[in-house]
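J.: First the structure, then my questions, so here it is.
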């Protein structure tokens with residue numbers, strides 16, 4: 011009977027099931043939503059998950075002040091409204107906000123630079139949680155540091171709330187370039203490269219073995235059109251986060267549908283053309299070069 | 008022998024890799040044209056609502072049904088793929104194929120916190136037990152008389168087969184064990200040698 015018991019034992023919260031959920035989201039679009047109604051629109055448009063928020067990044071940017079985890083009431087209402095996974099954001103380093111989200115049983119926690127950081131030195135110890143975490147990164151070293159802390163999914167940061175894809179492109183290209191560099195580096199030089207990247211050596215070795223990040227990597231921060239989404243997919247993203255891009259546009263429903271379809275058929279310009287037709291105005295954009303250092307969310311995190 | 012993996016969304020890459028590692032030519036299937044060149048199909052894990060909706064919009068559901076009805080054509084659904092193959096679904100249900108006489112209960116185990124790993128005894132695969140990964144898994148809450156249950160967990164069927172259809176509520180593509188992929192490749196091979 012002993013064997014029977016062991017055989018039927020369940021292991022929950024393992025890294026395999028954490029990273030596994032992200033694998034299931036690949037090729038899909040994750041949309042920021044602030045109400046149950048928006049969550050339903052996202053689900054009907056074909057989103058693979060939603061990010062429950064009190065405000066989308068563009069509004070956080072406009073409002074200023076300290077941005078925090080959303081009201082649990084909003085998160086619960088969104089969880090009740092849809093059958094797809096629900097993610098929610100906590101401030102960098104705010105492990106109690108993360109404990110709260112775990113108690114609410116959200117499916118993924120985003121330790122996010124979109125909110126005001128709560129710790130100026132340390133990110134959350136994500137191994138201490140059973141709920142998986144996604145974290146932002148601008149380069150390979152940052153991605154691997156987050157994975158070392160227990161992140162089971164990465165998203166390149168871009169510049170949230172701008173509707174400007176330039177930073178998303180820069181960050182994904184940087185990660186890809188550095189992965190190519192790792193692959194071209196002889197094994198005996200990897201310790202030095204790891205030091206340069208400020209990343210754990212064993213993870214740098216893993217990148218060399220796999221030829222990619224050891225977890226799923228989505229693209230985020232500034233994606234506003236179907237062509238933007240397809241651009242990030244062609245550059246090698248595993249999937250897309252759209253924050254303000256959908257519900258700050260003139261016709262969220264049509265835009266959400268179009269971005270999902272362009273993400274699927276990212277290599278087919280005819281389909282991208284078709285779905286881009288008549289979907290109303292995109293969100294107004296911001297020139298990232300005009301943002302001051304303090305206004306750039308991407309620089310939050312260590 | 009060539010096996011396709013429906014590549015609308017989800018963990019397509021892992022299935023392709025596993026198939027290649029058991030010596031099968033593997034092909035992602037995104038369009039109805041790509042259905043022509045394959046001898047069997049895997050519908051991977053992902054979000055069943057998304058896969059179902061997009062599969063229908065691009066005519067893939069009809070292409071799969073046509074193929075299945077006109078000749079012996081093995082199909083294996085994992086997790087979301089199982090929901091798309093199920094005749095009945097509890098909970099909000101996407102457009103689907105509805106070929107297999109089972110009832111699938113979407114997310115019956117709970118949310119991501121309830122996702123788990125467990126060892127399964129699968130007599131059809133022999134020893135040792137199989138490392139199974141369940142991620143927001145559906146539950147098979149009813150199995151029709153024509154359907155054979157191949158594995159159980161906690162008293163519920165988690166792997167089942169009827170004729171050319173195979174379903175698993177867990178994800179064999181997420182582990183380094185290739186036996187379920189080899190088993191499915193065997194189903195496809197058997198069909199081909201009969202033709």
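Protein chains in written order, with this note's numbering: chain D, 11 to 312; chain V, 8 to 202.
Think of the CB as a built atom: it goes at the ideal place given N, C-alpha and C, for glycine as much as any other residue.
Would the beta-carbon of residue 39(D) fall within 8 Å of that of residue 250(D)?
T.: yes
J.: At least one CB of chain V closer than 8 Å to the CB of residue 30(D): is that the case?
T.: yes
J.: Please check the pair residue 282(D) and residue 225(D), which I expect to be a contact at CB under 8 Å, by giving their CB distance rounded to whole angstroms.
T.: Their Cβ separation, rounded to whole angstroms, is 28 Å, which puts residue 282(D) and residue 225(D) out of contact at 8 Å.
J.: Against chain D, with Cβ distances strictly below 8 Å, would residue 124(V) count as a contact?
T.: yes
J.: Against chain D, which members of the stretch 19-31 of chain V pass a CB distance test of less than 9 Å?
T.: 19, 20 and 21
J.: Quick one: using the 10 Å Cβ neighbour count with 16 as the cut-off for buried, is residue 171(D) buried or exposed?
T.: Under this definition residue 171(D) is a buried residue.
J.: How is the alpha helix (DSSP H) around residue 181(D) delimited, first residue to last?
T.: 176-194
J.: Taking beta-carbon pairs under 9 Å, can you tell me which members of the stretch 90-118 of chain D lie near chain V?
T.: 92, 93, 94, 95, 96, 112, 115, 116, 117 and 118
J.: What three-state label does DSSP hand residue 16(V) in the structure shown?
T.: coil
J.: Is it right to say residue 62(V) is buried, meaning 16 or more other beta carbons lie within 10 angstroms of its own, or is it exposed?
T.: buried
J.: Please report the distance separating the alpha-carbon of residue 74(V) from that of residue 43(V).
T.: 9 Å
J.: What residue range is occupied by the uninterrupted beta strand (DSSP E) comprising residue 116(V)?
T.: From DSSP, residue 116(V) is part of no beta strand (DSSP E); its letter is neither H nor E.
J.: With DSSP as the reference, label residue 271(D) as helix, strand or coil.
T.: helix
J.: What is the DSSP secondary structure of residue 163(D), counted as helix, strand or coil?
T.: strand
J.: Contact between the stretch 180-197 of chain D and the stretch 120-135 of chain D is defined here as three or more beta-carbon pairs at a separation below 8 Å; is this criterion met?
T.: no
J.: Please decide whether residue 184(D) counts as near chain V, where near means a Cβ-Cβ distance under 8 Å.
T.: Chain V places no beta carbon closer than 8 Å to that of residue 184(D), leaving this residue out of the contacts.
J.: If you draw a straight line from the C-alpha of residue 109(V) to the C-alpha of residue 19(V), how long is it?
T.: 24 Å
J.: Could you name the residues of the same chain whose beta carbon sits closer than 6 Å to that of residue 152(V), not counting the 5 residues immediately before and after it, in chain order?
T.: Once the five neighbours on either side are set aside, residue 152(V) has no close Cβ partner at all.
J.: So, helix, strand or coil for residue 99(V), using DSSP?
T.: coil
J.: Is there contact between the stretch 75-85 of chain D and the stretch 97-113 of chain D, where contact requires at least three CB pairs shorter than 8 Å?
T.: yes
J.: Would you mind listing the beta strand (DSSP E) stretches within the stretch 103-141 of chain D that are 3+ residues and don't spill past its ends, in chain order?
T.: 118-122
J.: Is there a C-beta anywhere in chain D that falls below 8 Å from the one on residue 173(V)?
T.: Not one chain D Cβ lies under 8 Å of residue 173(V).
J.: With 8 Å as the C-beta to C-beta threshold (strictly closer), list the residues of the stretch 106-121 of chain V near chain D in chain order.
T.: Cβ contacts with chain D come from 113, 114, 117, 118, 119, 120 and 121.
J.: Taking the alpha carbon of residue 207(D) as the reference point, which residue from 77(D), 192(D) and 173(D) has its own alpha carbon closest?
T.: 192(D)
J.: Going along chain V in order, which residues have a C-beta closer than 9 Å to the C-beta of residue 24(D)?
T.: 122, 123, 124 and 140
J.: Mind checking if residue 88(V) is an interface residue toward chain D, Cβ cutoff 8 Å exclusive?
T.: no
J.: At a CB-CB cut-off below 9 Å, which residues of chain D make contact with residue 15(V)?
T.: 37 and 274
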